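To keep things clear, I will list the structure first and then write my remarks on it.
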Amino acid sequence: RKEVEQDPGPFNVPEGATVAFNCTYSNSASQSFFWYRQDCRKEPKLLMSVYSSGNEDGRFTAQLNRASQYISLLIRDSKLSDSATYLCVVTGGGYQKVTFGTGTKLQVIP
Amino acid sequence: DVKVTQSSRYLVKRTGEKVFLECVQDMDHENMFWYRQDPGLGLRLIYFSYDVKMKEKGDIPEGYSVSREKKERFSLILESASTNQTSMYLCASSLPGQGTDNEQFFGPGTRLTVL
Numbered sequence: 002r003k004e005v006e007q008d009p010g011p012f013n014v015p016e017g018a019t020v021a022f023n024c025t026y027s028n029s030a031s032q033s034f035f036w037y038r039q040d041c042r043k044e045p046k047l048l049m050s051v052y053s054s055g056n057e058d059g060r061f062t063a064q065l066n067r068a069s070q071y072i073s074l075l076i077r078d079s080k081l082s083d084s085a086t087y088l089c090v091v092t093g094g095g096y097q098k099v100t101f102g103t104g105t106k107l108q109v110i111p
Numbered sequence: 496d497v498k499v500t501q502s503s504r505y506l507v508k509r510t511g512e513k514v515f516l517e518c519v520q521d522m523d524h525e526n527m528f529w530y531r532q533d534p535g536l537g538l539r540l541i542y543f544s545y546d547v548k549m550k551e552k553g554d555i556p557e558g559y560s561v562s563r564e565k566k567e568r569f570s571l572i573l574e575s576a577s578t579n580q581t582s583m584y585l586c587a588s589s590l591p592g593q594g595t596d597n598e599q600f601f602g603p604g605t606r607l608t609v610l
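Line order of the protein sequences matches chains S and C. If you read the first sequence in my numbering, its first letter stands for residue 2, the second for the next number, and so on. If you read the second sequence in my numbering, its first letter stands for residue 496, the second for the next number, and so on.
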């Protein structure tokens, strides 16, 4: 089983739609969780950290479920500019160990 | 503005050549990382360093070595390049610790082709 798993997609959604991605992780000792965004032919950039209590940043909501070992990202009112690959990142379970998921591709369609 | 730079955007080398990929960060970060990114496999950690002259193997260190002589610079070395090392190489840096301190800042990447 992969340490961090994501549905690769692509998710093709119309503008204005709500879309959700999940990411599961296998190491129960994992400590920190993040969503990164990677545009085509660009480097990944931090979208948001994921806290146990859940957190929201505008149209984006991230949640963590430690019992089931998954994190989620919800995007409301999708924009064309949201089209990108979303990478789930899990750290901990070893000194500064960092593991990236393979990413979920989102395509927002006019 | 935070910045991670990589020495080349595109590089073409021949099998058996020794290849150096350089990464420099200007944020005084302790941690630095080298990844490779391949379609369907995502980012895979090759090596990381949490301090000058310190290094730790990541998930796929075979065929690679690293050097961290100065805090701001982290070099990835392919001792004898092979065609299966054709990939996008991404360098990143971060502060130590947990939570938001673990945000990684990435360089623009080096697309390496080994012929």
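Where is the CB? At the ideal position from N, CA and C, for every residue including glycine. Note that the structure is predicted; figures quoted are calculated from it, not measured.
Identify the contact partners of residue i in chain C, using a Cβ-Cβ distance below 7 Å as the criterion.
i      : result
G17/S  : Here the premise fails: no neighbours, minimum Cβ distance about 29 Å.
G104/S : G537
E44/S  : L585, F601, G602, P603 and G604
T25/S  : Simply none; closest approach about 14 Å.
T62/S  : Within 7 Å Cβ-Cβ: nothing; T62/S doesn't reach chain C, min ~17 Å.
Locate the beta strand (DSSP E) running through residue i, then write down its first and last residues.
i      : result
Q32/S  : S31 to Q39
N66/S  : F61 to N66
A85/S  : A85 to G93
M583/C : S582 to S589
Assuming the contact rule is C-beta atoms closer than 8 Å, residue i and residue j should be a hit. Round their C-beta distance to whole Å, please.
i      : j      : result
V507/C : T608/C : 5 Å
D554/C : R539/C : 5 Å
G93/S  : S33/S  : 6 Å
For residue i, would you say it is in contact with chain C, using Cβ-to-Cβ distances shorter than 8 Å as the test?
i      : result
P111/S : no
L74/S  : no
S29/S  : no
L48/S  : no
S33/S  : yes
Give every residue of the same chain whose Cβ lies closer than 8 Å to the Cβ of residue i, excluding the five residues on either side of it in the sequence, and list them in chain order.
i      : result
P591/C : E525, N526 and Y545
T578/C : T510, V609 and L610
T581/C : L607, T608 and V609
G594/C : Here G594/C scores only 47 on pLDDT, less than 50, and its place in the model should not be relied on; the value that follows carries that caveat. There are no such residues.
M549/C : R563
D523/C : K566 and E567
E4/S   : Y26, S27, N28, V91 and T100
Counting only beta-carbon separations shorter than 8 Å, does residue i have a partner in chain S?
i      : result
E517/C : no
V603/C : The residue asked about is misnamed: residue 603/C is Pro in this sequence, not Val. Yes - at least one Cβ of chain S is within 8 Å of the one on P603/C.
E564/C : no
T595/C : Residue placement at T595/C is poorly supported in this model, since its pLDDT is 47, which falls under 50; the coordinates still yield a value, given next. True, the Cβ-Cβ gap to chain S drops below 8 Å.
Please compile the residues from chain S whose C-beta is within a distance smaller than 9 Å of the C-beta of residue i.
i      : result
E540/C : The displayed chain sequence assigns Leu, not Glu, to residue 540/C. Going along chain S in sequence order, the residues near L540/C (Cβ under 9 Å) are K98, V99, T100 and F101.
Residues of chain S with CB under 8 Å from residue i, in chain order?
i      : result
N579/C : Per Cβ cutoff of 8 Å: no residues; N579/C is ~19 Å from chain S at best.
E598/C : F35, L47 and S50
I'd like the list of long-range same chain contacts for residue i, defined as Cβ closer than 6 Å, with 5 residues on each side in sequence excluded.
i      : result
T62/S  : L75
S503/C : T605
E517/C : S502 and S570
In its own chain, which residues sit with a C-beta less than 7 Å from the C-beta of residue i, not counting the 5 before and 5 after it?
i     : result
D83/S : I76, L107 and V109
L47/S : F35 and Y37
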